[in-house]
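Trainee: One structure is given below, represented as structure tokens, and several questions about it will come after.
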Amino acid sequence: MPFDPVAAVHRFHAAINGLDFATIEAFFAEDAVYGSIKVGALEGRPAILQAFRSYFDTYPDQVALDESVEAVSPMAARAVWSLNATHSKTGEALVRHGEETITFDDAGRIIRVDVTDY
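The opening position of the sequence shown corresponds to residue -16 in our numbering, with each subsequent residue numbered one higher.
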């Protein structure tokens, strides 16, 4: 059965929404790269996971929705999303809209995430 990057992104986002860090970690290749204006360029699964944990310590109530997810190649998909969260210490609301392109390797692990906020 051919790899379905759209289904993989839906599973990855479900793990994020469920704060399932073991599944999130398993999604990333050891040498993955994650790029975002908010977090900068992260290289390697340990750095990416640390950033995820830190983010969710700050915004534990995040609710994210995919507006659309579409394949852009046999091993990549683009997701348009929105999210709402509350800062755990200040109570300040966070509202974000953006897109990300997620690229997978032949084993179905994430090798690259490029995030753009609108």
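All residues carry an ideal CB built from backbone N, CA and C; glycine is no exception.
(1) Distance, Cα to Cα, residue 40 vs residue 49?
(2) Tell me, to the nearest whole angstrom, how far the beta carbon of residue 86 is from that of residue 47; I am working on the premise that it is less than 8 Å.
(3) With DSSP run on the structure shown, which of helix, strand or coil describes residue 94?
(4) Select from 11, 31, 8 the residue whose C-alpha is nearest the C-alpha of residue 19.
(5) Is there contact between the segment 60 to 74 and the segment -16 to -5, where contact requires at least three CB pairs shorter than 8 Å?
(6) Confirm, please, whether the CB-CB distance from residue 34 to residue 25 is below 7 Å.
(7) CA-CA distance, residue 84 and residue 96?
(8) Mind checking whether residue 36 and residue 15 have CB atoms under 7 Å apart?
(9) Near residue 54, what residues of its chain come up, given a Cβ to Cβ distance below 7 Å and the 5 sequence neighbours on each side ignored?
(10) Tell me whether the beta-carbon of residue -2 lies closer than 7 Å to the beta-carbon of residue 7.
Mentor: Let me lay it out:
(1) 22 Å
(2) Not really, about 20 Å apart at Cβ, beyond 8 Å.
(3) strand
(4) 31
(5) yes
(6) yes
(7) 6 Å
(8) no
(9) -12, -11, 60
(10) yes
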